[in-house]
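Read in order, the letters of the sequence shown are residues 6 to 119 in the numbering used here. From the three backbone atoms N, C-alpha and C, an ideal C-beta is built for every residue, glycine too. Model, not experiment: these values are computed from the prediction.
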Amino acid sequence: MSTQSSIPPEEITSDDRLWGLLAYLLTPLVPIIILLLEDKKNRPFLKAHTMQALILGVVLIVFNILVGFIPVVGWCIGPIATIVLVIYYGIKANRGEVFEIPVITDFVRNQGWA
């Protein structure tokens with residue numbers, strides 16, 4: 006799941022790491038905000054995470070809607086899985102890691118968004 010970062014560590018600022026964390030924790034809102042900020046959207050670390058976090062947020066919303074139709078189990082599993090996943094990826098981004106999310110990262114790269 007993890008890959009070696011092609012971004013030199015000295016280019017990743019604490020501000021970048023914070024925005025990366027927020028992109029996952031508050032997806033899909035923060036990734037959209039990052040795309041609107043000229044000084045942020047072209048930073049290599051944020052570019053690697055922004056679209057990935059945005060697509061992940063959309064996928065998780067659709068997943069929660071579909072799982073929500075399953076009584077009781079779906080109401081518990083979906084939100085808990087979402088919270089655990091976004092916290093996990095947010096912490097990894099805050100550590101300065103560039104990583105792959107299965108299927109989503111390949112989709113983002115194939116579209117030329119990262």
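(1) Quick one: what's got a C-beta closer than 7 Å to W24's C-beta in the same chain, skipping five residues either side?
(2) Hey, is the region 84-102 in contact with the region 21-35, meaning 3+ C-beta pairs nearer than 8 Å?
(3) P36 and G62 look like a contact to me (Cβ under 8 Å); what is the Cβ gap, rounded to whole Å?
(4) Which residue comes first and which comes last in the alpha helix (DSSP H) that contains W118?
(5) What residue does the alpha helix (DSSP H) around R100 start on, and which one ends it?
(6) Mapping DSSP to helix, strand and coil, what is M6?
(7) Suppose the cutoff is 7 Å on Cβ atoms and the five residues either side in sequence are ignored; what does the same chain contact list for P14 look like?
(8) Just the Cα atoms here: how many angstroms apart are A119 and V103?
If we stick to the structure as given:
(1) Working through the sequence shown from its first residue, we reach residue 24 at position 19. I39, K45, L51, listed in sequence order.
(2) Result yes; three or more Cβ-Cβ pairs closer than 8 Å.
(3) Locating residue 36 in the sequence shown gives position 31, where the first residue counts as 1. Locating residue 62 in the sequence shown gives position 57, where the first residue counts as 1. About 7 Å separates the two Cβ atoms, so the contact holds.
(4) The residue given as residue 118 occupies position 113 in the sequence shown. If you look at W118, you'll find it isn't in any alpha helix (DSSP H); DSSP assigns it neither H nor E.
(5) Residue mapping note: residue 100 aligns to position 95 of the sequence shown, counting from 1. For R100, there is no enclosing alpha helix (DSSP H), as DSSP marks it with neither H nor E.
(6) For the purposes of this step, residue 6 is identified with residue 1 of the sequence shown, where counting begins at 1. Any reading at M6 must be qualified, since the residue scores a pLDDT of 48, below 50, and its modelled position is unreliable; the value itself is stated next. Of the three classes helix, strand and coil, the one that applies to M6 here is coil, per DSSP.
(7) The sequence position of residue 14 within the sequence shown is 9, counting from 1. Taken in chain order, the residues that qualify are G101.
(8) Your numbering for residue 119 matches position 114 in the sequence shown. Your numbering for residue 103 matches position 98 in the sequence shown. Note on geometry: alpha-carbon atoms of A119 and V103 lie some 12 Å from one another.
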